[in-house]
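K.L.:
Take the sequence shown: its letter number 98 is residue 98 in full-length UniProt numbering, and every next letter is one higher.
Yeah, the Cβ is synthetic: ideal placement off N, Cα and C, and Gly gets one too.
Dropping the structure in here first, questions after.
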Amino acid sequence: MSGVEHRYEVTARRQIWSGRIFSVVSDDVTMPGGGEATRDYVRHVGAVAVVALDDAGQVVLIRQYRHPVGRHLWELPAGLMDVGGEDLAAAALRELAEEADLTAARVDVLVDLHSSPGFSDEVVRVFLARELAEVPAEQRHDRHDEEADLQVVRVDLDEAVRMVLAGEITNASCVAGLLAAARARETGFTELRRPEAPLPR
């Protein structure tokens, strides 16, 4: 690669809307060759997701209704990074317990992704959870709203990858996590990052 990258500087920012999970802002940004352009985008709190892989080589998938697309999608146990100061791995384990009634003795970073950088700054960290165990029945999370309709299944990792390539799984973090898990298994899980590895900036 050659040349010097242009430094895109924000000269003005206007907040269009603000909510608990995300806000919408409008930035004036300097462009290469002079001039400015306006860019509207979503500022998001971020999220975590978990590929839970059991000793039989199966992964946990969740089927959940997503209103923006108007249908149920196959997904990973996942949730928002909306608890101030919460460790990301701890957040992932919390979501695994709440959505799949599972705990994990081993957690590693599998992959990080910018889910839709054309209009959002959301970063999703996908963990690989192994050495799974069931949450005792009396300690299980009481699910509400869309979560009350969750379908939780275990699928062989190879079958889950087939579902991705067949277009049956389209959720971005689920696609990335499953493909990364298959690659990690091929390499004997030697390329995984530690749970506390810094997020991409």
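1. Let me know if P77 comes out buried or exposed under the rule of 16 or more other beta-carbons within 10 Å of its beta-carbon.
2. What are the boundary residues of the alpha helix (DSSP H) that residue 211 is part of?
3. Rounded to whole angstroms, what is the Cα-Cα separation between E75 and E138?
4. With DSSP run on the structure shown, which of helix, strand or coil describes V83?
5. Distance check for L199 and A37, CA to CA, integer angstroms please.
6. Closest by CA to V155, which one among S173, D55, A12?
7. I'd like the list of long-range same chain contacts for G34, defined as Cβ closer than 6 Å, with 5 residues on each side in sequence excluded.
8. For R185 and S18, what's the separation of their Cα atoms in angstroms?
9. Could you pull the start and end residues of the beta strand (DSSP E) that E36 belongs to?
10. Can you tell me whether DSSP reads R162 as helix, strand or coil?
11. Buried or exposed: F4, going by 16 or more other Cβ atoms within 10 Å of its Cβ?
12. Among the residues of its own chain, which have a CB less than 7 Å from the CB of R125, if the five just before and after it don't count?
13. By Cβ distance, which residues of its chain are closer than 7 Å to N171, with the 5 residues on each side in sequence left out?
14. Have a look at the DSSP bridge pairing and note the partners of R154.
15. Which of the three DSSP states, helix, strand or coil, is assigned to E131?
16. Distance check for P32 and R94, CA to CA, integer angstroms please.
17. Are the beta-carbon atoms belonging to A181 and L165 less than 8 Å from one another?
18. So, with DSSP's three-state summary, where would you put V126?
19. Taking 8 Å as the threshold (C-beta atoms), are Y65 and D121 in contact?
P.N.:
Working from what's here:
1. As a working note, residue 77 is residue 77 in the sequence shown. P77 is buried by the Cβ-count criterion.
2. Outside the displayed range of the chain (1 to 201) lies residue 211, so it cannot be described from this structure.
3. Within the sequence shown, the letter at position 75 stands for residue 75. Within the sequence shown, the letter at position 138 stands for residue 138. When rounded, the distance between both Cα atoms is 25 Å.
4. Looking up residue 83 in the sequence shown gives position 83. Three-state result, V83: coil.
5. Position 37 of the sequence shown, counted from the start, is the residue given in the question as residue 37. Position 199 of the sequence shown, counted from the start, is the residue given in the question as residue 199. Annotation: A37 to L199 spans about 28 Å, alpha carbon to alpha carbon.
6. For the purposes of this step, residue 155 is taken as residue 155 along the sequence shown, with counting starting at 1. Closest by alpha carbon: D55.
7. Numbered from 1 along the sequence shown, position 34 holds the residue referred to as residue 34. Hits under 6 Å: none found.
8. Within the sequence shown, residue 185 is the residue found at index 185, counting from 1. Within the sequence shown, residue 18 is the residue found at index 18, counting from 1. Their Cα atoms are separated by approximately 41 Å.
9. Locating residue 36 in the sequence shown gives position 36, where the first residue counts as 1. 36-44 is the extent of the beta strand (DSSP E) around E36.
10. Here the question's residue 162 lines up with position 162 in the sequence shown. Reduced to three states, the DSSP call for R162 is helix.
11. For the purposes of this step, residue 4 is identified with residue 4 of the sequence shown, where counting begins at 1. According to the sequence provided, residue 4 is Val. The question's Phe does not apply to it. Exposed, since its Cβ has fewer than 16 Cβ neighbours within 10 Å.
12. In the sequence shown, the residue the question calls residue 125 occupies position 125. So the list reads V48, L88, V109, D112, L199, once near-sequence residues are dropped.
13. Start at 1 with the first residue of the sequence shown, and residue 171 comes out as number 171. These residues qualify, in order along the chain: L73, W74, E75.
14. Counting from 1 along the sequence shown, the entry for residue 154 is found at position 154. Partner(s): V60.
15. Translated into the one-based positions of the sequence shown, residue 131 becomes position 131. Three-state result, E131: strand.
16. One-based indexing of the sequence shown puts residue 94 at position 94. One-based indexing of the sequence shown puts residue 32 at position 32. One C-alpha to the other measures close to 44 Å.
17. Working through the sequence shown from its first residue, we reach residue 181 at position 181. Working through the sequence shown from its first residue, we reach residue 165 at position 165. No, the Cβ-Cβ distance between A181 and L165 is not below 8 Å.
18. Reading the sequence shown from its first residue, position 126 is the one you call residue 126. Residue state, collapsed to three classes: strand.
19. Your numbering for residue 121 matches position 121 in the sequence shown. Your numbering for residue 65 matches position 65 in the sequence shown. No. Outside cutoff.
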